[in-house]
Structure formats: C-alpha cells, structure tokens
Amino acid sequence: MSQQFPFLSDHSHLHEARYRKIDALRAEGRNAYPASFDATHLAATILGAEEEYIDKPERVVCVMGRVGPIRAFGKSAFFHVTDRSGKIQIFVNAKAIDAEGFRTYKEFLDTGDIVGVTGVVFRTKSGETSIEARSLALLCKNARPLPEKWHGLTDKEARYRQRYVDLIVNPDVLETFRTRSRLVASMRRWLDEQEFLEVETPMMQPLYGGASARPFVTHHNTLDMDLFLRIAPELYLKRLVVGGMHRVYEINRNFRNEGISTQHNPEFTMLELYAAGWNAATMMDFVEELLIEPLRLATGRTTIVLDGREVDIARRPWPRVTILEALERHCGIKVDWKMSLSDVKAAAGGHHVPDEVHGPIDAIIHLFETHVEHHLVEPTFITEFPKAVSPLAKSKDDDPEVADRFELYVNRMEVANGFSELNDPAEQFARFAEQVERRRQGDLEAVGTIDEDYVRALEFGMPPTAGLGVGIDRYTMLATASPSIRDVILFPLMRPESSAAEATPEDQGAGKDES
RNA sequence: GGGCGCAUAGCUCAGCCGGUAGAGCAGCGGACUUUUAAUCCGUUGGUCCCAGGUUCGAACCCUGGUGCGCCUACCA
Numbered sequence: 336m337s338q339q340f341p342f343l344s345d346h347s348h349l350h351e352a353r354y355r356k357i358d359a360l361r362a363e364g365r366n367a368y369p370a371s372f373d374a375t376h377l378a379a380t381i382l383g384a385e386e387e388y389i390d391k392p393e394r395v396v397c398v399m400g401r402v403g404p405i406r407a408f409g410k411s412a413f414f415h416v417t418d419r420s421g422k423i424q425i426f427v428n429a430k431a432i433d434a435e436g437f438r439t440y441k442e443f444l445d446t447g448d449i450v451g452v453t454g455v456v457f458r459t460k461s462g463e464t465s466i467e468a469r470s471l472a473l474l475c476k477n478a479r480p481l482p483e484k485w486h487g488l489t490d491k492e493a494r495y496r497q498r499y500v501d502l503i504v505n506p507d508v509l510e511t512f513r514t515r516s517r518l519v520a521s522m523r524r525w526l527d528e529q530e531f532l533e534v535e536t537p538m539m540q541p542l543y544g545g546a547s548a549r550p551f552v553t554h555h556n557t558l559d560m561d562l563f564l565r566i567a568p569e570l571y572l573k574r575l576v577v578g579g580m581h582r583v584y585e586i587n588r589n590f591r592n593e594g595i596s597t598q599h600n601p602e603f604t605m606l607e608l609y610a611a612g613w614n615a616a617t618m619m620d621f622v623e624e625l626l627i628e629p630l631r632l633a634t635g636r637t638t639i640v641l642d643g644r645e646v647d648i649a650r651r652p653w654p655r656v657t658i659l660e661a662l663e664r665h666c667g668i669k670v671d672w673k674m675s676l677s678d679v680k681a682a683a684g685g686h687h688v689p690d691e692v693h694g695p696i697d698a699i700i701h702l703f704e705t706h707v708e709h710h711l712v713e714p715t716f717i718t719e720f721p722k723a724v725s726p727l728a729k730s731k732d733d734d735p736e737v738a739d740r741f742e743l744y745v746n747r748m749e750v751a752n753g754f755s756e757l758n759d760p761a762e763q764f765a766r767f768a769e770q771v772e773r774r775r776q777g778d779l780e781a782v783g784t785i786d787e788d789y790v791r792a793l794e795f796g797m798p799p800t801a802g803l804g805v806g807i808d809r810y811t812m813l814a815t816a817s818p819s820i821r822d823v824i825l826f827p828l829m830r831p832e833s834s835a836a837e838a839t840p841e842d843q844g845a846g847k848d849e850s
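What follows is the structure, encoded as structure tokens:
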C-alpha cells in the first residue's frame, strides 16, 4: 500500500484497491507512470479507412487512450480505447498477445486506465472493426474509478465542478466544447479575412467603462492601487481606432459583478469589434454573416433549435424592428420617446409599470424588457434605442434623441449589441458627466468617473465607426442547443467545496506586501 | 434578491405510516477465447449533507445552516 494513502479527504475503499495495484506494479520494478509513448495511429484514422487495415497483418497499428468498460472472458476480453479522435475496440486474446501484455491485462488492467495498444486490425463476428492486441502497455493507472458505465455522471454540480470526469464519460460535453472551439476559430478566420486586426487590451483597468454593470475590484500591491476587472474592452478598442487600427477586434473575458443564472456567468467571453466607415446598418448586415458563417463551418449546418424546431438562420435579412414598433406589435402599446411618464403609464394599459422607474424612457425600456423580449425567438434586430441609455452611441442623423444602435435577440436572449460610435469629444464628455450624475443619485451601474483620457483620444479624431459586441457563450448555447450558460463554460463559477471554503485570501498568498 | 425543489455506497437510484440500510453498476474472489450495459456463482462497501430539537426510537418529523438545480428579477 502506498504509504501516502489516503492523502485526500475525498477517498473510498475503491481507490485503495487501485493504489494496491500501483504498488504491486512498482514491486515488480515496473514504472507505473512512464514518461512517453509513441502512438502511430488515431482511432478515427483507422476507422476512417478501415479497408486499408482490416486483415493486413503487415500493417501494425499502435493507439493510445483511455480504457472503457471491459468485457472479459477468461483468456480474452473486449474493451474500447478512447483517444482524442474517438474510440476503437480492442480485442485481447491470450493466443495473439505477448505474454507480458496478457499478464498486464489480467493482473493490472482496470476501466479508466490509460494504455498503449499495438496490434493488427480485424473485423469481429458482429462486424465491428477492432484491433487485435499484440502487446499492451500500461501508461497510467486510473486510481479513482469512473462513474457508472450506463448512467454516467448526471449530478450537475459534480459535472460542473469535476468537468474532467464529465468530459470523460459524457461524449456530448466534449462535442459541445469542440463546437465552441470551432466557432471561435472560424470567427477569427472570418474576421482576419475581412482584414480585422486582433488585439488584446487591459483586463485590469484603473477606470472601468464601456457598459452598464458593476465591476470586480482587485488590488495591485507594489503600486498600492485598486484596479477594476474590465466590464468591457470598448474604450480601449476605440482608442486603437483613433490610433489608426480601423478594423480591430478582441475576443476575451469580461467580468461583471452581478447575478448568476442560466444566461449569466460572472466572467464571460465577448467578441468586440470596431470598423471605421461603417454605421449601425452596415454592422447589422455584417453580424448576420458573422454569426451564420462560423455556424456553418463549425457544425456543418446553418440551423439552430428554437422552441424545439429547427430554424435556418441563413434566411436573411433578419427582421429589423424599432423598439417602439416591437412594443406595439407584441403588446399593442403605442408610445413614443416624447411622452411624459403618466402618458406612458396610460398607454401601457394593463401592462404594469413599477413605481421605481426613473422616467418615461426608463418605463418604456422596462415595458420592452418585461413584455417584448420573451417574444423574440427567431433572430431579430431591435433598433432605435433612446440616447439616454446609450452613452457611447452616436445619435441618428435625422433624430438627435435616438441612438443609431441595435440589439440582436435570439431565443429571448440578447446575443449582440452594436451602434455607430459617438466620436464627438464634447458630447462624449457631456454624456459621461450625465453618468457621473446618475451614479451620484444612486445608480450603481453608472460609471462614477469621467475617463478623461478617452475623451482626449477622441479629440485627436476618430473616423465614423461602428462597433459590435457578441456574447460568445450565448452564441455557443444557440449553436449547441445548450439550455444553460454553464453547459458552454468549461469551469463555471461555483461556490467552493467545503474543504476549500476555510481558506482565506491571505492563506492563498493574496495578502498585501508587508513592507 | 424572491419562490420551489434536491442532497442515502465510488456512480445511478429505492427506502411506504418514525421501528434502526437496500438494489443495479463499479470493486473484490471464482468460472468463461468474438463481446457491445457480456453472462453465471460468491462477496466487500454507509459521517443517510452539517448542527441542534421532538421521540422509547429519526434517513424519514421540526428548526437552523451548507451546497446545488429550476423558475423569477437585473446585467450580455
């Protein structure tokens, strides 16, 4: 028995048996954890060209992967080995395998072990292309048994906390994250083809801005200064447009110190891009392509599942509806931005307007969010937001009170948000000042400081520019038909397990400098 | 933040009206040379989430707590 066992608080008698086997391996002078192994084939390579391999004894193959459930018959056995490409069945036969390999199987092999298998390919009686093992190398013992083979791991908490187990036993999970990776890769390729430049801007910011949200605060010891984790990269990216990067994008994390739900994780991934010369309308055309093409490349289709039915999002253009039209269409509420609060309340009829609303505009936005959003299932652009809720957006040329802005809704979620960027420094300064005033009056989502450097940048001149933000997690939810954002984030934020809950930030080295 | 629900073996789950812990899989021992949840025989394994309370007696009832899920509200 390994002297260390049990070294974790979370252990059981099952682990003990596995550690005994590891000790037995060592007692024979064998390395339980060899450093490397040269596989020559992937499972998918063999299965994708099986006729080239079947019954060709000269074509020896060698694969490496994790052992699945073992079906043992005394002097023979079947099991699958899973590598990064998929899985292939292994047939261990006392007559065909070398003596050491058979003994390794018989004495030491468990479900979940990592093995290297060398052998030749054949087809079994039941028709499955398989490898008949000539030798078997144990590359890593599984010391902690996998969940049950039939039901797998279903407990959502365990799946999110121990994603590694989830990935091993639930193939759909691997597929979801493969799709996510492909979506992002195709998006990058698409943007690069359109001559966008990918950049990385600060996530730790002395001043935060670019959205309405509450930030996380952290601290730099040497500089002895508080920093905010960014809620958006917007203000830095537009500085780059000023600097001449006329097509620029960033795909990375934002952090918002707000609620957690099936649609919200405190850190989430956003694509933000800016294109000089464009406006909100050209950006809407672009968004359609930007969301359709990666979906086609990543999944091979252009359909997504909405309310249980397949919807082809490649049918363009997507409807573009002003926020006021949407209110009238879905709720029969006829309002406009010039109305007084009492007029809005009267027009709302039976639709409740809470007393906390700050004014008529707030009331209209509230009506939209509570009564219209849940109707927006198929991709729909909502346009013409009021200037007051769009402090970084330019007004429409023909209506100074309305921002040249859109939000894209799919499956009742806001998936993208874009607008013509305000590039008038004096007006931007005034809008910031309004935010500071709102903050002073208690709006915790309003930014309480004017970013003077950003206004200074605008003074150097930014060309007419349109900007866009796309929630990558939500886009992935749509592409993979995932009901929760936690299903598309590998390690969603969870409260610590009890054993970790005791540790303070100081224990973990986060204390301030002693000097 | 509000509401509803869940927590029992490594995993998936039973556990009736409160009477003292069960199954399948996994594990361990045995039989078995073409299986696909292999089969057959035997068998180990429990902080019933935690802390109190009620009771002769609590997995079960009550109170408080912890974690998670779903709905709802806000942010994307």
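Each residue of the first sequence is one higher than the last, beginning at 336 in this note's numbering.
Don't be surprised by glycine CBs; every beta carbon is placed ideally from N, CA and C.
Item                                                                                                                                                                           : Value
Report yes if the C-beta distance between residue 541 and residue 566 is below 7 Å; otherwise report no.                                                                       : no
With a threshold of 6 Å on Cβ separation, who are the neighbours of residue 649 within its own chain once the five nearest residues in sequence on each side are excluded?     : 627 and 637
Cutting at 7 Å between CB atoms, please list the residues of its own chain near residue 349, excluding the five before and the five after it.                                  : 480
Tell me the DSSP bridge mates of residue 452?                                                                                                                                  : 398 and 471
Would you report the Cα separation of residue 354 and residue 518, rounded to the nearest angstrom?                                                                            : 41 Å
Could you pull out every residue in the same chain whose Cβ sits closer than 7 Å to the Cβ of residue 831, ignoring the five residues on either side in sequence?              : none
Excluding the five sequence neighbours on either side, which residues of its own chain have a C-beta within less than 6 Å of the C-beta of residue 731, listed in chain order? : 737 and 739
Does the Cβ of residue 681 have 16 or more other Cβ atoms within 10 Å, making it buried, or fewer, making it exposed?                                                          : exposed
Check for me: the alpha helix (DSSP H) holding residue 496 runs from which residue to which?                                                                                   : 491 to 496
For residue 782, name the three-state secondary structure that DSSP assigns.                                                                                                   : coil
For residue 412, which of helix, strand or coil comes out of DSSP?                                                                                                             : strand
Could you please give the first and the last residue of the uninterrupted beta strand (DSSP E) stretch that includes residue 755?                                              : 748 to 755
Bridge partners of residue 721, per DSSP?                                                                                                                                      : 737
Taking the straight line between their C-alpha atoms, what separation do you get for residue 705 and residue 698?                                                              : 11 Å
What's the call for residue 847, buried or exposed, on a 16-neighbour Cβ count within 10 Å?                                                                                    : Model confidence at residue 847 stands at a pLDDT of 47, short of 50, so the residue's coordinates are unreliable and nothing is read from them.
Report yes if the CB atom of residue 786 is closer than 7 Å to the CB atom of residue 558, and no otherwise.                                                                   : no
By the DSSP assignment, the beta strand (DSSP E) with residue 610 in it spans what residues?                                                                                   : 602 to 611
On a CA-only basis, which of 399, 421 and 439 is nearest residue 892? Give me that one, please.                                                                                : A query on residue 892 cannot be resolved here, the shown segment of the chain reaching from 336 to 850 and no further.
Output the distance between the C-alpha atoms of residue 472 and residue 610, rounded to the nearest integer angstrom.                                                         : 55 Å
Cutting at 6 Å between CB atoms, please list the residues of its own chain near residue 655, excluding the five before and the five after it.                                  : 716 and 718
How would you label residue 345, buried or exposed, when you count the other beta carbons within 10 angstroms and need 16 or more for buried?                                  : exposed
Tell me residue 540's beta-bridge partners as DSSP assigns them.                                                                                                               : 563
Compute the distance between the beta-carbons of residue 602 and residue 568, then report whether it is under 7 Å.                                                             : no
Out of 340, 572 and 369, state which residue places its alpha-carbon closest to the alpha-carbon of residue 804.                                                               : 572
Can you grab the Cα-Cα spacing for the pair residue 502 / residue 666, in whole Å?                                                                                             : 44 Å
Beta carbon of residue 723, beta carbon of residue 757: below 7 Å?                                                                                                             : no
Any idea if residue 595 is buried or exposed, counting beta-carbon neighbours within 10 angstroms, 16 or more meaning buried?                                                  : exposed
Bridge partners for residue 418 per DSSP, in chain order?                                                                                                                      : 421
Just to confirm my understanding: we take residue 675, look at its own chain, exclude 5 residues before and 5 after, and list those with CB closer than 8 Å. What are they?    : 695
Checking the sheet assignment: what are the DSSP bridge partners for residue 352?                                                                                              : None; residue 352 has no bridge partner.
Take the Cβ of residue 515 as the centre, count every other Cβ of all protein chains shown within 10 Å, and call the residue buried at 16 or more, exposed below.              : buried
Taking DSSP as the reference, what is the three-state secondary structure of residue 343?                                                                                      : coil
If we ignore side chains and look at the alpha-carbon of each, how far apart do residue 818 and residue 373 end up?                                                            : 40 Å
Should residue 720 be labelled buried (16 or more other beta-carbon atoms within 10 Å of its own) or exposed?                                                                  : buried
Could you check where the alpha helix (DSSP H) with residue 388 kicks off and where it finishes?                                                                               : From DSSP, residue 388 is part of no alpha helix (DSSP H); its letter is neither H nor E.
Expressed to the nearest angstrom, what Euclidean distance is found between the alpha-carbon atoms of residue 642 and residue 813?                                             : 11 Å
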